[in-house]
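First the structure, in the form of structure tokens, and then the observations on it.
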Amino acid sequence: MWDSSPSKKTPLEHAVDGNNLPALRYLLDHGADLTQQEDDGDTVLHHKRRRRCEIVKLLLARGADVNGSSEHGTPLHLAAVKGHESTVEVLLEHHADVNKVVPSNLVTPLKAALLCASTPCVKLLVQAGADVNDVNNCLARAASEGLTECVKCLLEAGADPNRPDECGRFPIELAAVYGTREDVELLFPVTSPIPTVADWSIDGIINHAKLERMQLQDEDVLNTRKSDLKRKGDEAFEKQDYTSASEFYTQALKVDPSNGKMLASRSRCWLQLGDGQKALEDATRCKRRCPEWAEARLCRGQALMLLKDYEKACEELSGGVELDPQNDEMDKLFWEAMELKKK
């Protein structure tokens, strides 16, 4: 029986996972439903076990949704994260959305390809128009993994070498600690001098990054530095020097990357500086770390308001009010978003 296994697969799923093209064609010819979704939203086009491009081509020819989304993303996400170069190519030929973001983790197909260190997939996605400066900061990821060919590809496509990751680390710093000297040499000519690096040279950067990493392993030094940076950030924010405040919070996040409250503080800086996208990115990361903290939802709501996405702002703020019914600021902003959504 087809459904004797605990997973209770359909005959169509068995044919796809077994890369059995004749069986797949027979089932489709006799009315098999290729749009049927599993509990997580996956369709047969999402299945990770299929290898043959002919399977993908047939499913697409018979009407499978190339951009169908599930909890894991689109078929392009899953092909990229597995490093299935030929499948990625077929999906792109059928106009797969190269910049689709998975809402739960903000991963794009380009980030997915980097997760499995697939240089061929990265190059295909970049050639197809992938945003090399998206929320994932793919250049920082490539630098931290020592993916030299990917670093070259991303730089040629216009990736920003002066954009820190969410923990405040620049691609060249990540390359100095986790990557290769060649990556540092590639990034050095296009990276602006970092004020905290006294010797702005290739050797100077490598030595600075390694020393800083050693210091971060000392818990006393870590706590003192984090406290000092937070204090300076708070003071700058009170003085309405939001640029300096964001820089202090960025340095503090380098010390404590999982600090949700620090992300919220930096999100507020971006709001004051009028950068809704950066504010939303930090607020989203804050919410992932502190899902039951109402302030995280307030930050996301404020960022969405700045971006004029009033419908999503209403959803976010409504959830925040449920968590903290006494928060007058959030309640007021919710009703403001409701009014703006009607216009």
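Each step along the sequence shown adds one to the number in the UniProt record's numbering, with nothing skipped, and position 308 is 308.
Note that the Cβ used here is the ideal one computed from N, Cα and C, for glycine as well.
How is the alpha helix (DSSP H) around residue i delimited, first residue to last?
i           : result
E145        : Per DSSP, E145 belongs to no alpha helix (DSSP H) and is neither H nor E.
W335        : 328-342
residue 401 : Nothing about residue 401 can be reported from this structure: the residues present for the chain run from 1 to 343 only.
W270        : 260-272
A15         : 11-17
E295        : 294-306
C286        : 276-289
E316        : 310-323
A159        : Counting along the chain, A159 falls outside any alpha helix (DSSP H), and DSSP gives it neither H nor E.
V66         : Taken as a continuous stretch (DSSP letters only), V66 belongs to no alpha helix (DSSP H), as it is neither H nor E.
Could you tell me if residue i is buried or exposed, where buried requires 16 or more neighbouring beta carbons within 10 angstroms of its beta carbon?
i    : result
E211 : Just to set this straight, residue 211 is Leu in the shown sequence, not Glu. Per the 10 Å Cβ criterion, exposed.
S5   : Caution is warranted here: a pLDDT of 45 is assigned to S5, below 50, making its placement in the model unreliable, and no coordinate value can be reported.
D3   : Confidence at D3 is low in this model, with a pLDDT of 39, below 50, so the placement of that residue should be treated as unreliable; the coordinate-derived value is given next. Classification of D3: exposed, given that the 10 Å Cβ count is below 16.
Q240 : exposed
T168 : With the sequence shown as reference, residue 168 is identified as Gly, and Thr is not the correct amino acid for it. G168 comes out buried.
S227 : exposed
C286 : buried
A337 : buried
P164 : buried
M262 : buried
E145 : buried
A61  : exposed
Got a sec? Which residues, its chain only, sit under 7 Å from residue i by beta carbon, not counting five neighbours each side?
i    : result
N67  : T74, A96, D97, K100
C53  : S86, T87, V90
E149 : T119
Can you tell which of the options has its C-alpha closest to the C-alpha of residue i?
i    : options                : result
S192 : A283, P171, K261, M214 : P171
K104 : S258, C167, R288, A294 : The question names Lys, but residue 104 is Ser in the sequence shown. Of the candidates S258, C167, R288, A294, the one whose C-alpha sits nearest the C-alpha of S104 is R288.
K111 : H84, L139, E93         : L139
V122 : H77, E166, T250, R163  : H77
L187 : N162, A252, L28, N207  : N162
Y178 : V321, N207, E295       : N207
R141 : L333, L124, A176, A198 : A176
V107 : A128, G158, A80, V255  : A80
K341 : R181, H94, E315        : E315
N223 : T196, Y242, P257       : P257
What does a CB cutoff of less than 6 Å around residue i pick up in its chain, not counting 5 residues either side in sequence?
i    : result
L303 : Per the sequence shown, residue 303 should be read as Ala rather than Leu. Same-chain partners within the cutoff: G276, A279, L280, A283.
M1   : Caution is warranted here: a pLDDT of 27 is assigned to M1, below 50, making its placement in the model unreliable, and the coordinate value is therefore given only provisionally. No residues qualify anywhere along the chain.
E329 : none
K312 : L304
G233 : A245, F248, Y249
L323 : A294
Looking only at its chain, what residues have a beta carbon closer than 8 Å to the beta carbon of residue i, apart from the 5 residues adjacent to it on each side?
i    : result
E185 : I202
L155 : L139, P161, L186, L187, V190
A198 : G204, H208
D327 : The residue you asked about is not Asp; residue 327 is Asn in the sequence shown. Excluding sequence neighbours, N327 sits near A294, L298, G320, V321.
Write down every uninterrupted run of the alpha helix (DSSP H) in the region 172-228 whose length is 4 residues or greater and which is fully enclosed by it, in chain order. 181-187, 202-215
Suppose only complete runs of 4+ residues qualify. What are the alpha helix (DSSP H) ranges in the region 80-142, listed by chain order? 85-93, 109-115, 119-127
In chain order, which continuous runs of the alpha helix (DSSP H) of length 4 or greater are located wholly inside the UniProt repeat "TPR" (226-259)? 242-255
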